[in-house]
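Engineer: So that we are looking at the same thing, I have put the structure below in structure tokens.
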Amino acid sequence: ALISAFIVFLPSLQIRQSAAVMLRMRVKKHWKKISLDHRERLAALCLIPPQSAIAKSFVLDSVDGCSLIGQNMHRSKYFEYILFILGTLSQSLKYPCLFQVGLLLLSKVVESNPEPFKPHYRQLLQLFGTVLQDLDNPTAMYYCILTLTAMTAYTGTEEMNLMRALIPRLIIALKHLIKADQGQASDAMEVFDELMESEVSIIVPHIAEIVHFCLEVSADTTLTDSLRVKALSCIAFLIRLKSKTVLKQKLLNPILQTVFPVLSAAPPPGEEDPEDEENGDEGDTDNESPKHFAAQVIDTMALHMPPEKLFQQLMPLTQVCLASENPYERKAGLMCMAVLAEGCADHIRTKLLSSMLQTVCQSLSDNNQVVRSAGLFALGQFSEHLQPEVSKYCAELMPLLLGYMSALNQAKIGHITKAFYALENFMENLGSEIEPYLPTLMETMLSALSNAENLKLKELAVSAIGAIANAAKEKLVPYFPPVIESLKGFLTDTRDEMRALQTQALDTLSVLARTIGKDVFSPLAAECVQLGLNLTNAIDDPDLRRCTYSLFSAVSTVSPDCLSPHLTAITTIMLLSLKSTEGVTEDKTFVLLDDDDDDDDMEGIPFVLSPFPRFSVENAYIDEKEDACDALGEISGLSKKNNTIKLPSIRPSAMQKLLGVVLPSFLEAVRGERERQVVMGVLEAMNAVLKACQGEALQSPGRLQEISQAIRDVLKKRVIGDTS
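Residue numbers (our numbering): 6 to 729.
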């Protein structure tokens, strides 16, 4: 109460702001210790200061406090609180500053929990229609759009028409917001992603307007990269969901006419594109530039549009770029060909492979390294996605790639990375045809391992040796001793900067264990197991542990006897990885109660927490868990065939329980997932489960029928991921 009084009545803005921060922190941590009477009074008191506050930071702290109080209210009081906010908004329309604060509070509370506002959505949408027309009040428009974004996922059929009618006003409002504050405009453009993700039918009548707006933003080089990236990302999302509509409304050509200049733009004088810099990396996920997303737009087209229709309009623009005197336009043409390789693989393989490969090969002798790098990237993409046909051009391509390998120490590491990318993808599919090139390849790789000063170059060479081993298998035996000596040296070096190289060395060692032959690798098996255990004991790194699990698994296929003495230690490490919560981070907006607060008073328990917490699922710790599962599976599989490895058997009931969770989840994803790539991954995983478990997977009544129906729906294009 005293803090609240400070907020409201003290003349010093600095003290009032400090009090607002303290109140927010105390509400966040000690809500259940506040009496019911004070809880209700706090809500009313906290709404007073924003009406007269002039400092933005003070307003934000006060509104955060109000938002937290609202979230913690009992259900009956929370609806009164909602009505109070709505009433405040309607009464303050004539007072812009007060109205802005009301909208800010609304956006905070709705974002934290949109569902309780659902009975008032129609009223809110009508209010937003008015706000979005007040083009002289960009701050109000911004908070209005944030609230609209938070509401979208909960919009029902009764609000559809109102929401649909807002789209033209929303586009106009965003145009004015861009002029006022590009950062806010970038945040506000998330509304399109949410609309497409949650209720794409709302925007279908306005697709042309949205596309033209996004193209206008994408093409404006005076705007921030973040804003232009948002616009290009929105176009890609639309193509992914509604490619047929995009084609039907003749939007493909306008999109290409805008995307190509973005893709072919030269960097500012004295600068380079991120992937062309000295330490550039094609796989750098932080490279979120307009040029990068322009390529993603074409990649999305390739995945979701009929290739005949796409190539008819795309290839003339590509040919113009390839024939240009401007190296960045030539690079754009090659990048375009590269990103087509996955989505249009069948079309290219059957009709265009020879001519496109010829173009790429010519680019490798271009006088500009930017163009040569793009050519190497394109060749890597072709080698990855156009097999086995591309391997037939081995005689033409291998000499070109070997030529690059002969000058490893002279070129930029970013350029060399692309050369290795192309070489690895190409070699892995050569099989026995790699033999004529093996002496030159291994001479180059061994030279890099022993002489190169750059650790990244050593890492690339170690990775390439793994790819060579996959193709050459026993033919690599003459080169095995020097390779092993180098790998041992890397794995016993304790310097931190060696970590990435050690991880790659473990990966390659696993490949060698599986490919070089048991007779050759068995004498080293025990030493490899000990090396892996030493690393896991000495270094706390999820990537390193992941690779040691793969090594243990590979060694178990060659010499299971060597694994037996260490099986307890190995399985303990793997099980600890599986049980660990590192990297599994729940995304909670607020931590509302003390951990040690065991008050049983249900009156104070907030009802607004989402029953579906979000978790991070893409990080090194999750990858570690995946590889631990794979390794345990392989080792336990061998235990059935080999009495020297003893693992407890899995109870059939546990297997059925697991299948009862996994298979329904797979089927739900096939039916409801929008992302085609995700559905493809799920189908591959389901196929693997059925192959491994066979009849066990189909014991549950009706499961065979459900799986068969899902397959029929996919083949007839009746699933969400295949309807656009």
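The C-beta atom is built at its ideal place from N, Cα and C for all residues, glycine as well.
By the 10 Å Cβ neighbour count, where 16 or more other Cβ atoms means buried, how is Ser670 classified, buried or exposed?
Structural biologist: Taking the first residue of the sequence shown as position 1, residue 670 is located at position 665. Exposed is the call here.
Engineer: Less than 9 Å separating the beta-carbons of Gln301 and Leu391?
Structural biologist: Translated into the one-based positions of the sequence shown, residue 301 becomes position 296. Translated into the one-based positions of the sequence shown, residue 391 becomes position 386. Not in contact: Gln301 and Leu391 (Cβ atoms no closer than 9 Å).
Engineer: Measure from the alpha carbon of Gly487 to the alpha carbon of each residue in Asn373, Leu109 and Met450, then state which is nearest.
Structural biologist: Numbered from its first residue, the sequence shown carries residue 487 at position 482. Note that residue 487 is Pro in the sequence shown here, rather than Gly. Taking only the C-alpha atoms, the option nearest Pro487 is Met450.
Engineer: Taking the straight line between their C-alpha atoms, what separation do you get for Val222 and Ala674?
Structural biologist: Within the sequence shown, residue 222 is the residue found at index 217, counting from 1. Within the sequence shown, residue 674 is the residue found at index 669, counting from 1. If you take the alpha carbons of Val222 and Ala674, they lie about 34 Å apart.
Engineer: Three Cβ pairs or more, each shorter than 8 Å: is that satisfied between the stretch 271–280 and the stretch 199–216?
Structural biologist: No, the stretch 271–280 does not touch the stretch 199–216.
Engineer: Along the chain, where does the alpha helix (DSSP H) that runs through Tyr426 open and close?
Structural biologist: Position 421 of the sequence shown, counting from 1, holds the residue named residue 426. Run containing Tyr426: Ile418 to Met432, per the alpha helix (DSSP H) assignment.
Engineer: Have a look at Ser455, Leu428 and Asn692 and flag the residue whose alpha-carbon is nearest the alpha-carbon of Leu443.
Structural biologist: The residue you call residue 443 lines up with position 438 of the sequence shown. Here the closest residue by C-alpha is Leu428.
Engineer: I'd like to check one pair, Ala574 with Leu529: are the Cβ atoms closer than 9 Å?
Structural biologist: Working through the sequence shown from its first residue, we reach residue 529 at position 524. Working through the sequence shown from its first residue, we reach residue 574 at position 569. No.
Engineer: Looking at the structure shown, is Pro194 part of a helix, part of a strand, or coil, going by DSSP?
Structural biologist: Within the sequence shown, residue 194 is the residue found at index 189, counting from 1. It is Met, not Pro, that sits at residue 194 in the sequence shown. Here Met194 sits in coil by DSSP.
Engineer: Ordered along the chain, which non-local residues of its own chain (more than five positions away) have a Cβ less than 8 Å from that of Ile725?
Structural biologist: Counting from one through the sequence shown, the residue named residue 725 turns up at place 720. Excluding positions up to five away in sequence, the list reads Arg676, Gly677, Glu678 and Arg679.
Engineer: Between Ala307 and Gly338, is the Cβ-Cβ spacing less than 9 Å?
Structural biologist: For the purposes of this step, residue 307 is identified with residue 302 of the sequence shown, where counting begins at 1. For the purposes of this step, residue 338 is identified with residue 333 of the sequence shown, where counting begins at 1. Taking 9 Å as the Cβ cut-off, Ala307 and Gly338 do not qualify as a contacting pair.
Engineer: Run through DSSP, which three-state label would Arg679 get?
Structural biologist: Translated into positions along the sequence shown, residue 679 becomes position 674. It is coil, neither helix nor strand.
Engineer: Count Cβ pairs between the stretch 134–145 and the stretch 112–122 that sit closer than 8 Å; are there 3 or more?
Structural biologist: Because the criterion of three Cβ pairs below 8 Å is not met, the stretch 134–145 and the stretch 112–122 do not touch.
Engineer: Answer with buried or exposed for Asp602, where buried requires no fewer than 16 other C-beta atoms within 10 angstroms of its C-beta.
Structural biologist: The residue given as residue 602 occupies position 597 in the sequence shown. Its pLDDT being 41, under 50, Asp602 is placed unreliably in this model, and the coordinates cannot settle the point.
Engineer: Residue ranges of each alpha helix (DSSP H) run of no fewer than 4 residues wholly in the stretch 102–164, ordered along the chain?
Structural biologist: Taking only runs of at least 4 residues, the alpha helix (DSSP H) segments lying wholly in the stretch 102–164 are 126–136 and 143–156.
Engineer: Assign Gln254 to one of two classes, buried (16 or more other C-beta atoms within 10 Å of its C-beta) or exposed (fewer than that).
Structural biologist: Position 249 of the sequence shown, counting from 1, holds the residue named residue 254. Classification for Gln254: exposed.
Engineer: Could you check if Thr2 is buried or exposed, using at least 16 other CB atoms within 10 Å of its CB as the buried criterion?
Structural biologist: The requested residue 2 is not part of the displayed model; the chain covers only 6 to 729.
Engineer: Can you give me the C-alpha to C-alpha distance between Leu454 and Asp548, rounded to a whole angstrom?
Structural biologist: What you label residue 454 is simply residue 449 of the sequence shown in a count that begins at 1. What you label residue 548 is simply residue 543 of the sequence shown in a count that begins at 1. Leu454 and Asp548: Cα-Cα distance of roughly 22 Å.
Engineer: Could you tell me if Glu389 is buried or exposed, where buried requires 16 or more neighbouring beta carbons within 10 angstroms of its beta carbon?
Structural biologist: Reading the sequence shown from its first residue, position 384 is the one you call residue 389. Counting Cβ neighbours within 10 Å, Glu389 comes out buried, since at least 16 surround it.
Engineer: Are the stretch 324–331 and the stretch 247–264 touching by the rule of at least three beta carbon pairs closer than 8 Å?
Structural biologist: At 8 Å Cβ cutoff, the stretches do not touch.
Engineer: Determine the contact status of Ala383 and Gly436, defining contact as a CB-CB distance below 9 Å.
Structural biologist: Here residue 383 is taken as the residue at index 378 of the sequence shown, counted from 1. Here residue 436 is taken as the residue at index 431 of the sequence shown, counted from 1. It is not a contact, given that the beta carbons lie outside the stated cut-off.
Engineer: List the endpoints of the continuous alpha helix (DSSP H) containing Pro486.
Structural biologist: To locate residue 486, count along the sequence shown from 1; it is residue 481. Residues Phe485 to Leu496.
Engineer: Excluding the 5 residues preceding and the 5 following Lys463 in the sequence, name in chain order all residues of the same chain whose CB lies nearer than 8 Å to its CB.
Structural biologist: Residue numbering aside, residue 463 sits at position 458 when the sequence shown is read from its first letter. Cβ neighbours of Lys463 beyond the five flanking positions: Ala453, Leu454, Ala457, Phe495 and Leu506.
Engineer: Is the beta carbon of Ser368 less than 9 Å from the beta carbon of Arg377?
Structural biologist: The residue labelled residue 368 in the question sits at position 363 within the sequence shown. The residue labelled residue 377 in the question sits at position 372 within the sequence shown. Cβ distance < 9 Å, so Ser368 and Arg377 count as in contact.
Engineer: Which residues in the same chain as Ile521 place their Cβ atom closer than 8 Å to its Cβ, once the five residues preceding and following it in sequence are excluded?
Structural biologist: Position 516 of the sequence shown, counting from 1, holds the residue named residue 521. Here the set comprises Ala474, Lys478, Glu479, Leu481, Val482 and Phe485.
Engineer: On the CB-based measure, 16 or more other CB atoms within 10 Å of its CB, does Gly188 come out buried or exposed?
Structural biologist: Taking the sequence shown and counting its residues from 1, one reaches residue 188 at position 183. Classification for Gly188: exposed.
Engineer: Among the residues of its own chain, which have a CB less than 7 Å from the CB of Glu554, if the five just before and after it don't count?
Structural biologist: Taking the sequence shown and counting its residues from 1, one reaches residue 554 at position 549. Contrary to the premise, residue 554 reads as Tyr rather than Glu in this sequence. Taken in chain order, the residues that qualify are Met579, Asp632, Ala633 and Ala636.
Engineer: Just to confirm, is the Cβ distance from Val694 to Val667 under 9 Å?
Structural biologist: Translated into the one-based positions of the sequence shown, residue 694 becomes position 689. Translated into the one-based positions of the sequence shown, residue 667 becomes position 662. The answer is yes: Cβ separation under 9 Å.
Engineer: Cutting at 6 Å between CB atoms, please list the residues of its own chain near Tyr159, excluding the five before and the five after it.
Structural biologist: Residue mapping note: residue 159 aligns to position 154 of the sequence shown, counting from 1. Hits under 6 Å: Pro119, Glu120 and Lys123.
Engineer: Is the beta carbon of Phe197 less than 9 Å from the beta carbon of Phe133?
Structural biologist: On the sequence shown, residue 197 is found 192 positions in, with the first residue counted as 1. On the sequence shown, residue 133 is found 128 positions in, with the first residue counted as 1. Result no, Cβ atoms of Phe197 and Phe133 do not sit closer than 9 Å.
Engineer: So Leu465 packs on Thr513, CB below 8 Å; how close in whole Å?
Structural biologist: Taking the sequence shown and counting its residues from 1, the one referred to as residue 465 is at position 460. Taking the sequence shown and counting its residues from 1, the one referred to as residue 513 is at position 508. Incorrect: roughly 11 Å between the Cβ atoms, too far for contact.
Engineer: If we count the other Cβ atoms within 10 Å of its Cβ and call it buried at 16 or more, is Ser468 buried or exposed?
Structural biologist: For the purposes of this step, residue 468 is taken as the residue at position 463 of the sequence shown. Result: buried.
Engineer: Would you kindly work out how many angstroms separate the C-alpha atoms of Thr157 and Leu129, rounded to a whole number?
Structural biologist: Reading the sequence shown from its first residue, position 152 is the one you call residue 157. Reading the sequence shown from its first residue, position 124 is the one you call residue 129. The straight-line gap from Cα to Cα measures roughly 12 Å.
Engineer: For Cys149 and Lys184, I'd like the C-alpha separation in whole angstroms.
Structural biologist: Numbered from its first residue, the sequence shown carries residue 149 at position 144. Numbered from its first residue, the sequence shown carries residue 184 at position 179. Their Cα atoms are separated by approximately 17 Å.
Engineer: Comparing C-alpha positions only, which one of His217, Asp192, Asp186 and Thr152 sits nearest to Pro173?
Structural biologist: The count along the sequence shown starts at 1 and reaches residue 173 at position 168. Taking only the C-alpha atoms, the option nearest Pro173 is His217.
Engineer: Could you pull out every unbroken alpha helix (DSSP H) segment of at least 4 residues lying fully inside the stretch 251–336, listed in chain order?
Structural biologist: Counting whole runs of 4 or more residues, the stretch 251–336 contains the alpha helix (DSSP H) stretches 257–268, 295–309 and 312–327.
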